[in-house]
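Peer 1: Take a look at this one; I'll ask things after.
Protein chains: 6
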Amino acid sequence: MSGVIVTNPPKAAAEDVEALAAYGVATVSEAMGRTGLLGPEIRPVQQGVRVAGTAVTVLGWPGDNLMIHAAVEQCGEGDILVVTTTSPSTDGLFGELFATALQQRGVRGIVINTGIRDTQELREMGFAAWSRAVSAQGTVKATGGSVNVPVAVDGRVIRPGDVIVADDDGVVVVPREQARQVAEASEAREQKEAATRAAFLEGQLGLDRYGLREKLAQLGVTYQSYDEYTAGERS
Amino acid sequence: MSGVIVTNPPKAAAEDVEALAAYGVATVSEAMGRTGLLGPEIRPVQQGVRVAGTAVTVLGWPGDNLMIHAAVEQCGEGDILVVTTTSPSTDGLFGELFATALQQRGVRGIVINTGIRDTQELREMGFAAWSRAVSAQGTVKATGGSVNVPVAVDGRVIRPGDVIVADDDGVVVVPREQARQVAEASEAREQKEAATRAAFLEGQLGLDRYGLREKLAQLGVTYQSYDEYTAGERS
Amino acid sequence: MSGVIVTNPPKAAAEDVEALAAYGVATVSEAMGRTGLLGPEIRPVQQGVRVAGTAVTVLGWPGDNLMIHAAVEQCGEGDILVVTTTSPSTDGLFGELFATALQQRGVRGIVINTGIRDTQELREMGFAAWSRAVSAQGTVKATGGSVNVPVAVDGRVIRPGDVIVADDDGVVVVPREQARQVAEASEAREQKEAATRAAFLEGQLGLDRYGLREKLAQLGVTYQSYDEYTAGERS
Amino acid sequence: MSGVIVTNPPKAAAEDVEALAAYGVATVSEAMGRTGLLGPEIRPVQQGVRVAGTAVTVLGWPGDNLMIHAAVEQCGEGDILVVTTTSPSTDGLFGELFATALQQRGVRGIVINTGIRDTQELREMGFAAWSRAVSAQGTVKATGGSVNVPVAVDGRVIRPGDVIVADDDGVVVVPREQARQVAEASEAREQKEAATRAAFLEGQLGLDRYGLREKLAQLGVTYQSYDEYTAGERS
Amino acid sequence: MSGVIVTNPPKAAAEDVEALAAYGVATVSEAMGRTGLLGPEIRPVQQGVRVAGTAVTVLGWPGDNLMIHAAVEQCGEGDILVVTTTSPSTDGLFGELFATALQQRGVRGIVINTGIRDTQELREMGFAAWSRAVSAQGTVKATGGSVNVPVAVDGRVIRPGDVIVADDDGVVVVPREQARQVAEASEAREQKEAATRAAFLEGQLGLDRYGLREKLAQLGVTYQSYDEYTAGERS
Amino acid sequence: MSGVIVTNPPKAAAEDVEALAAYGVATVSEAMGRTGLLGPEIRPVQQGVRVAGTAVTVLGWPGDNLMIHAAVEQCGEGDILVVTTTSPSTDGLFGELFATALQQRGVRGIVINTGIRDTQELREMGFAAWSRAVSAQGTVKATGGSVNVPVAVDGRVIRPGDVIVADDDGVVVVPREQARQVAEASEAREQKEAATRAAFLEGQLGLDRYGLREKLAQLGVTYQSYDEYTAGERS
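Now the structure itself:
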């Protein structure tokens with residue numbers, strides 16, 4: 187893996203990132219047609235924090251943080267660092283010193299497909315983090331890799347400049363070209379959900395609101411009293 | 187899977203459910219002869235909350251929340267929704283809108299054998315939840331299933347109307363017919379534990395309190411000084 | 187497994203344990219040459235707590251807490267109980283009653299390679315715990331095992347009297363003979379990190395501070411503008 | 187868990203078991219409406235073997251094979267032993283000596299929700315086995331349990347006398363009352379699949395055979411040439 | 187997820203696919219700079235088979251095989267079907283009937299990121315398969331998806347027309363534009379390995395062949411006799 | 187981790203290794219009091235092969251095979267290479283070229299706590315292998331480690347010169363000082379098992395042979411007819 191550090195990739199527009207920051211991960215993913223999510227094993231280190239920013243991507247070697255050092259220089263205001271490795275690893279490639287350097291540059295958080303460390307310190311300094319594992323295992327700086335190339339995590343491709351939205355539910359990636367459109371669709375979805383919430387609070391059922399009674403009938407789902415059901419079970 | 191929605195199943199008596207609500211999951215399971223627990227991968231979304239209620243069960247298709255809509259109508263005061271799928275899934279089948287509808291009906295929480303989403307919102311609205319995963323992955327409404335049939339999760343059978351007790355240690359299921367008896371056994375165990383706690387606080391050893399020194403001797407467990415032991419290791 | 191309870195093993199000096207208590211798990215592991223960590227699946231039950239103490243080790247049978255009772259008698263001021271089983275288990279071998287007995291004896295916490303229960307109670311009483319799982323599954327007292335013999339967890343050997351340091355990042359084991367030396371190396375590392383932190387806060391890059399630009403060049407990692415890179419990708 | 191050994195439970199009729207033995211696990215599960223399967227982690231120890239028989243169930247303690255000894259006496263011609271434990275375990279509770287005793291009694295195989303050992307010997311003696319793990323870890327005989335009570339594995343309930351069908355694809359459970367009906371449905375499905383196979387061999391598409399083109403259109407799935415698609419992607 | 191079926195994507199040249207078919211997965215991945223591998227959980231259903239072909243990709247819904255039906259029509263001579271789902275699933279989306287249809291069209295095998303079934307039949311008919319799980323769990327045909335769009339599995343992007351090489355070691359993906367170059371690099375690597383093999387058979391050490399003694403010294407790795415080492419350990 | 191290569195460690199006597207080679211892994215582990223096993227995730231690459239040999243141990247960095255090169259020189263007739271890494275990894279650190287070099291030196295196999303590759307070639311050349319994963323992921327040679335120091339895998343310590351016995355059931359480690367004693371105990375156990383096998387073939391029950399009926403009674407396990415049991419369940 188020769189390795190390349192790509193400079194100045196295009197990024198989603200800052201205003202679109204700000205617009206997306208108003209919506210939760212679930213809403214943004216729904217607005218994208220139920221796509222874009224990293225898997226459920228990428229978990230936040232803190233609780234109750236939501237961030238949105240533009241991805242600076244790192245593809246490194248397991249147990250090696252050399253390329254994160256190279257990536258810091260490519261990071262700036264409004265970015266979120268996205269780190270993965272060429273093969274699975276739980277080592278703690280990232281901790282408080284890196285977070286200090288990134289926070290100083292205006293970076294909003296990290297999404298890392300390995301372990302992370304100094305979790306208490308990260309919470310105290312308010313640097314948002316999502317990781318696959320928590321591990322204090324230290325690393326070497328011996329093997330090359332790449333910065334700002336497209337990477338894939340859990341079946342999702344993340345390109346530099348794509349928008350990352352992350353909260354307690356996980357992480358979603360919005361392709362940079364779709365940022366505005368997804369923000370608008372998120373707003374539409376949120377309004378629709380607000381109407382549904384109001385209806386549910388007044389006691390309407392989803393069965394009626396979404397017309398699902400007919401669907402159930404079409405699928406052959408039937409209603410039985412408990413006595414009918416248990417009679418059938420024992421016959 | 188044709189699918190059936192069973193109406194008005196028998197439920198454990200409300201007073202027995204209230205009685206069980208006074209005890210932790212560990213106590214209730216011990217009182218049932220160390221049975222009834224769902225496995226350790228079903229974790230709470232919040233901390234420090236304990237609930238007890240009667241199960242309304244859902245068996246759905248992975249990636250599909252149609253049958254949860256059907257189940258809402260079957261839920262009422264004091265229930266806990268229990269959701270599983272025909273094969274393993276981590277998708278976020280349940281979120282804040284469902285919780286709104288259920289909370290409005292007096293439902294006390296959810297135990298779901300897949301993913302859950304809107305976790306921050308659930309905590310804020312005080313709707314208690316236990317799940318196998320946290321995931322914002324949205325779902326379809328395309329395939330039938332059943333409501334209020336017996337389901338099995340992690341080797342435990344849960345029937346509609348059985349009592350669910352859940353806290354930070356996990357989830358335990360009490361067959362509805364045994365609710366009173368288990369509540370009484372839980373009270374007995376709690377009193378026994380209180381006596382043990384008092385004895386331990388005064389320095390008594392479990393070895394003496396439970397007569398385990400003889401057991402150790404019978405099993406051939408011996409005492410050696412460190413010097414004896416290391417001499418034996420090197421000989 | 188005949189089983190032996192070893193009495194009065196040597197322990198790391200109390201002053202060295204105190205010295206180590208001043209450093210986080212990540213720092214101590216780095217100071218040991220990036221070794222000594224238990225794996226990332228051993229997680230704390232609480233947040234924001236750091237402890238250091240001397241290990242009392244237990245090797246028991248899965249689903250059986252007999253040997254923990256035997257171990258309580260061997261525990262004293264400044265110890266940390268370390269429990270593992272002869273084969274993998276998630277059962278809740280340890281809970282609030284054991285913690286009460288241990289706290290009364292001055293024990294500082296537990297590291298357990300199985301499940302733990304009564305987690306809310308442990309948090310309330312301030313008894314620190316790290317475990318592989320949370321489970322209310324109760325246990326029997328039927329099979330022998332050993333106390334204060336060397337055990338291995340996640341590829342690390344823990345001997346009685348070794349120093350355990352644990353915090354939100356996990357658990358590290360320091361061989362008792364190396365306690366002082368590791369404490370000194372931890373202090374040195376912390377000072378070095380403080381200098382790095384200050385430099386990073388002033389905007390210095392790790393690339394420059396650690397001389398990594400030359401390393402990247404040696405490894406053949408190159409810089410390309412986004413246009414150069416995408417041109418290469420499509421050619 | 188006091189424990190009970192239930193004698194002479196009802197069993198599926200031998201002729202229905204034989205009928206089911208003619209079909210693969212996938213066919214039988216489909217014939218049951220896509221239900222009844224144990225999960226994909228229960229794997230065969232051998233390759234190319236299919237068995238069908240009536241379940242004798244065991245619920246034991248992890249790391250303890252006492253109740254398997256009790257179960258042997260309850261086993262007879264045409265049975266399949268089904269073993270699970272009260273909490274998860276990978277220990278090798280079953281090996282060649284048990285298989286010898288069971289084979290002598292006409293038992294056709296074992297499905298075990300823990301580990302198994304002596305796998306090479308089992309293959310040599312032709313005793314069919316499905317397990318969650320392979321492990322030589324030996325066990326004790328210290329804790330009670332039950333024989334021929336309903337057990338649950340991977341979300342499926344297995345009662346004594348139910349039919350177990352197992353092959354390279356896994357294990358399916360047919361409730362004893364449904365054995366004949368499921369055998370008939372399996373035959374119907376097999377005939378339907380034979381017709382489909384013939385059609386596919388002649389080049390017919392599932393899209394046409396099942397009328398799925400309309401379904402795709404209804405769902406909004408569209409066809410695009412590669413050029414149209416990539417143009418859309420870049421716009 | 188609206189869904190699109192992309193027709194006639196570009197494919198790697200047949201002669202380059204044939205060239206790649208001569209090399210094992212490990213060699214091809216090394217020739218690509220140690221990249222391109224799907225993860226170790228994608229395992230072959232058979233043993234001793236190697237295939238190479240061009241990818242036809244499917245992105246479907248968990249528990250739903252509708253889009254595989256749509257994909258069959260897009261498959262032809264020399265293709266390999268690559269199937270993944272929008273979220274994790276172990277269901278058996280693919281079996282012998284699909285394989286019959288594909289084999290009739292000249293398709294060489296399947297790589298599927300879920301479960302597969304009819305494994306014994308697949309082996310008997312010589313249809314090569316790699317999957318994440320073996321499961322007889324049947325599916326529905328209810329939800330849309332896409333065919334011949336780029337998909338990501340285990341952190342690797344697979345585009346339609348890319349070359350898939352698979353054997354007992356797993357699966358590697360070669361971007362279609364790089365097929366020739368990687369085939370050439372594979373040949374070069376194989377020749378280099380042949381020379382190394384000959385040297386190793388004559389007793390040469392990798393330490394000498396690759397000049398690693400100096401590397402070890404630079405890294406501070408030292409040689410000690412066992413007596414020196416154990417003396418150091420105990421001091 | 188500075189790293190050390192320890193030369194000429196003591197080894198178990200060749201005659202004791204040969205004696206142990208006569209017994210299966212399960213027998214040897216039982217003869218050691220049910221200890222010594224590596225966990226069930228370490229699986230053989232081949233079927234039907236049993237080896238015994240003396241351990242040469244390697245502790246390397248994840249994704250790095252430098253120290254295996256250093257270890258080859260320390261290997262000789264009758265050895266088995268045992269490889270682990272400082273943190274978890276599935277990379278294929280070992281393949282056919284290493285096996286060629288080792289086989290030329292009389293090494294009998296490998297046990298590796300990561301991935302392995304060239305599995306088909308290893309089977310063809312008859313080089314026995316046990317690994318945690320199969321992966322073609324290549325490695326670098328960049329970071330130091332140790333050879334012939336004690337390592338721990340799955341909670342077992344393996345020292346250089348200890349005896350490794352491995353077969354289809356997994357891997358067991360016998361401390362070098364106990365090799366003779368364990369071989370004798372294995373022989374005793376095998377004779378005892380032969381007698382049990384003969385008795386089982388004549389229809390004797392384990393319940394009677396091991397006197398377990400009394401044990402069951404003591405534990406409160408009772409016998410009930412199916413009718414009694416189901417009556418109790420419904421009362």
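Chains as they are written, first to last, in my numbering: chain A, 187 to 421; chain B, 187 to 421; chain C, 187 to 421; chain D, 187 to 421; chain E, 187 to 421; chain F, 187 to 421. We treat Cβ as the ideally placed atom computed from N, Cα and C, and that holds for glycine.
#1: Taking the C-alpha atoms as reference points, what is the distance between residue 282(D) and residue 410(D)?
#2: Quick check: what's the CA-CA separation for residue 388(E) versus residue 297(E)?
#3: Look at the alpha carbon of residue 222(E) and the alpha carbon of residue 350(E), and state the distance between them as a whole number of angstroms.
#4: For a test of the three-state rule: what should DSSP assign to residue 351(A), helix, strand or coil?
#5: Residues bridged to residue 239(E) by DSSP?
#6: Which residues, taken in chain order from the stretch 261-276 of chain E, show a beta carbon closer than 7 Å to some beta carbon of chain B?
#7: Would you decide whether residue 327(A) is buried or exposed? Buried here means 16 or more other CB atoms lie within 10 Å of its CB.
#8: In terms of residues, what are the limits of the beta strand (DSSP E) holding residue 178(B)?
#9: Tell me the DSSP secondary structure of residue 302(F) in three-state form.
#10: Does residue 260(E) pass the burial test, meaning 16 or more other C-beta atoms within 10 Å, or should it be called exposed?
#11: If I measure Cβ to Cβ from residue 375(F) and keep anything under 7 Å in the same chain, skipping five residues before and after, which residues do I get?
#12: Counting pairs of beta carbons, one from the stretch 390-403 of chain B and one from the stretch 226-243 of chain B, are three or more of them closer than 8 Å?
#13: From what residue to what residue does the beta strand (DSSP E) around residue 265(C) run?
#14: So does the stretch 275-291 of chain A actually touch the stretch 345-363 of chain E, counting three or more Cβ pairs closer than 8 Å?
#15: So, for residue 346(C): in the same chain, excluding its five sequence neighbours on each side, which residues have a beta-carbon less than 7 Å away from its beta-carbon?
#16: Ignore the nearest five residues each way along the sequence and tell me which others in residue 362(F)'s own chain have a CB closer than 6 Å to its CB.
#17: Taking 8 Å as the threshold (beta carbon to beta carbon), is residue 193(F) in contact with chain E?
#18: Within the 8 Å Cβ cut-off, does residue 212(F) reach chain D?
#19: With a threshold of 7 Å on Cβ separation, who are the neighbours of residue 200(F) within its own chain once the five nearest residues in sequence on each side are excluded?
#20: Could you tell me the boundaries of the beta strand (DSSP E) in which residue 317(D) lies?
#21: Run through chain F and tell me which residues come within less than 9 Å of residue 249(A), C-beta to C-beta.
#22: Taking the continuous alpha helix (DSSP H) assigned at residue 344(D), which residues delimit it?
#23: Check whether the Cβ of residue 411(C) lies closer than 8 Å to any Cβ atom in chain B.
#24: Can residue 301(C) and residue 267(C) be called in contact, C-beta distance under 8 Å?
#25: Near residue 235(A), which residues of its chain fall below 6 Å by C-beta distance, leaving aside the five closest residues on each side in sequence?
#26: Could you please give the first and the last residue of the uninterrupted beta strand (DSSP E) stretch that includes residue 338(C)?
#27: Could you spell out where the beta strand (DSSP E) holding residue 191(C) opens and where it closes?
#28: Determine whether the Cβ of residue 219(A) lies closer than 8 Å to any Cβ atom of chain E.
#29: Please classify residue 312(D) as buried or exposed, where buried requires at least 16 neighbouring CB atoms within 10 angstroms.
#30: Assuming residue 287(C) contacts residue 269(C) (C-beta within less than 8 Å), just tell me the rounded distance between them.
#31: Compare the C-beta of residue 339(A) with all C-beta atoms of chain E and state if any pair is closer than 8 Å.
#32: Counting only beta-carbon separations shorter than 8 Å, does residue 188(A) have a partner in chain E?
#33: Quick one: which chain E residues come within Cβ less than 8 Å of residue 323(B)?
#34: Quick check: what's the CA-CA separation for residue 307(B) versus residue 318(A)?
#35: Report the residue from 238(C), 204(C) and 253(C) whose alpha carbon sits nearest the alpha carbon of residue 408(B).
#36: Starting from the beta carbon of residue 201(D), find every residue of chain E whose beta carbon is closer than 7 Å, and list them in chain order.
Peer 2: On the basis of the data shown:
#1: Taking the fourth sequence and counting its residues from 1, the one referred to as residue 282(D) is at position 96. Taking the fourth sequence and counting its residues from 1, the one referred to as residue 410(D) is at position 224. Between residue 282(D) and residue 410(D), the C-alpha separation is close to 59 Å.
#2: Taking the first residue of the fifth sequence as position 1, residue 388(E) is located at position 202. Taking the first residue of the fifth sequence as position 1, residue 297(E) is located at position 111. Between residue 388(E) and residue 297(E), the C-alpha separation is close to 40 Å.
#3: Start at 1 with the first residue of the fifth sequence, and residue 222(E) comes out as number 36. Start at 1 with the first residue of the fifth sequence, and residue 350(E) comes out as number 164. One C-alpha to the other measures close to 10 Å.
#4: Here residue 351(A) is taken as the residue at index 165 of the first sequence, counted from 1. Correct three-state label for residue 351(A): strand.
#5: For the purposes of this step, residue 239(E) is identified with residue 53 of the fifth sequence, where counting begins at 1. BP columns for residue 239(E) point to 350(E).
#6: 273, 274, 275 and 276
#7: As a position in the first sequence, residue 327(A) is number 141, starting the count at 1. When all chains shown are included, residue 327(A) counts as buried.
#8: Within the shown structure, residues of chain B are numbered from 187 to 421, placing residue 178(B) beyond reach of any answer.
#9: Your numbering for residue 302(F) matches position 116 in the sixth sequence. Strand at residue 302(F).
#10: Taking the fifth sequence and counting its residues from 1, one reaches residue 260(E) at position 74. Buried is the call here.
#11: As a working note, residue 375(F) is residue 189 in the sixth sequence. Answer for residue 375(F): 213, 216 and 217, listed in chain order.
#12: no
#13: Here residue 265(C) refers to the residue found at position 79 when the third sequence is read from its first residue. Segment 265-271, the beta strand (DSSP E) holding residue 265(C).
#14: no
#15: The residue labelled residue 346(C) in the question sits at position 160 within the third sequence. If we look at residue 346(C) and ignore the five residues flanking it on each side, its Cβ neighbours are 192, 195, 241, 242, 243 and 334.
#16: The residue labelled residue 362(F) in the question sits at position 176 within the sixth sequence. Answer for residue 362(F): 198, 347 and 348, listed in chain order.
#17: Reading the sixth sequence from its first residue, position 7 is the one you call residue 193(F). Yes, its Cβ sits closer than 8 Å to a Cβ of chain E.
#18: Here residue 212(F) is taken as the residue at index 26 of the sixth sequence, counted from 1. Interface residue, yes.
#19: Here the question's residue 200(F) lines up with position 14 in the sixth sequence. These residues qualify, in order along the chain: 264.
#20: Indexing the fourth sequence from 1 puts residue 317(D) at position 131. Taken as a continuous stretch (DSSP letters only), the beta strand (DSSP E) holding residue 317(D) covers 314-320.
#21: Here residue 249(A) is taken as the residue at index 63 of the first sequence, counted from 1. The contacting residues are 247, 248, 249, 250, 271, 272, 273, 275 and 329.
#22: Residue mapping note: residue 344(D) aligns to position 158 of the fourth sequence, counting from 1. No alpha helix (DSSP H) contains residue 344(D), which is instead part of the beta strand (DSSP E) from 342-344.
#23: In the third sequence, the residue the question calls residue 411(C) occupies position 225. It does not: the Cβ of residue 411(C) has no partner Cβ on chain B nearer than 8 Å.
#24: Locating residue 301(C) in the third sequence gives position 115, where the first residue counts as 1. Locating residue 267(C) in the third sequence gives position 81, where the first residue counts as 1. Not in contact: residue 301(C) and residue 267(C) (Cβ atoms no closer than 8 Å).
#25: What you label residue 235(A) is simply residue 49 of the first sequence in a count that begins at 1. The residues are 314.
#26: Taking the first residue of the third sequence as position 1, residue 338(C) is located at position 152. That run of the beta strand (DSSP E) goes 337-339.
#27: As a position in the third sequence, residue 191(C) is number 5, starting the count at 1. Where residue 191(C) is concerned, the enclosing beta strand (DSSP E) stretches over 190-193.
#28: Numbered from its first residue, the first sequence carries residue 219(A) at position 33. It does; some Cβ of chain E falls within 8 Å.
#29: Numbered from 1 along the fourth sequence, position 126 holds the residue referred to as residue 312(D). Exposed is the call here.
#30: Start at 1 with the first residue of the third sequence, and residue 287(C) comes out as number 101. Start at 1 with the first residue of the third sequence, and residue 269(C) comes out as number 83. Contact doesn't hold; Cβ gap of about 14 Å is too wide.
#31: For the purposes of this step, residue 339(A) is identified with residue 153 of the first sequence, where counting begins at 1. Answer yes: the Cβ-Cβ gap between residue 339(A) and chain E drops below 8 Å somewhere.
#32: Taking the first residue of the first sequence as position 1, residue 188(A) is located at position 2. Judged by the 8 Å Cβ criterion, residue 188(A) is in contact with chain E.
#33: Numbered from 1 along the second sequence, position 137 holds the residue referred to as residue 323(B). Per Cβ cutoff of 8 Å: 272 and 273.
#34: For the purposes of this step, residue 307(B) is taken as the residue at position 121 of the second sequence. For the purposes of this step, residue 318(A) is taken as the residue at position 132 of the first sequence. Roughly 23 Å separates the two Cα atoms.
#35: Within the second sequence, residue 408(B) is the residue found at index 222, counting from 1. Checking every option, the nearest Cα to that of residue 408(B) belongs to 253(C).
#36: As a first step, residue 201(D) is located in the fourth sequence; it is residue number 15 there, counting from the start. Under the 7 Å cutoff, chain E gives no residues; its nearest Cβ is about 24 Å from residue 201(D).
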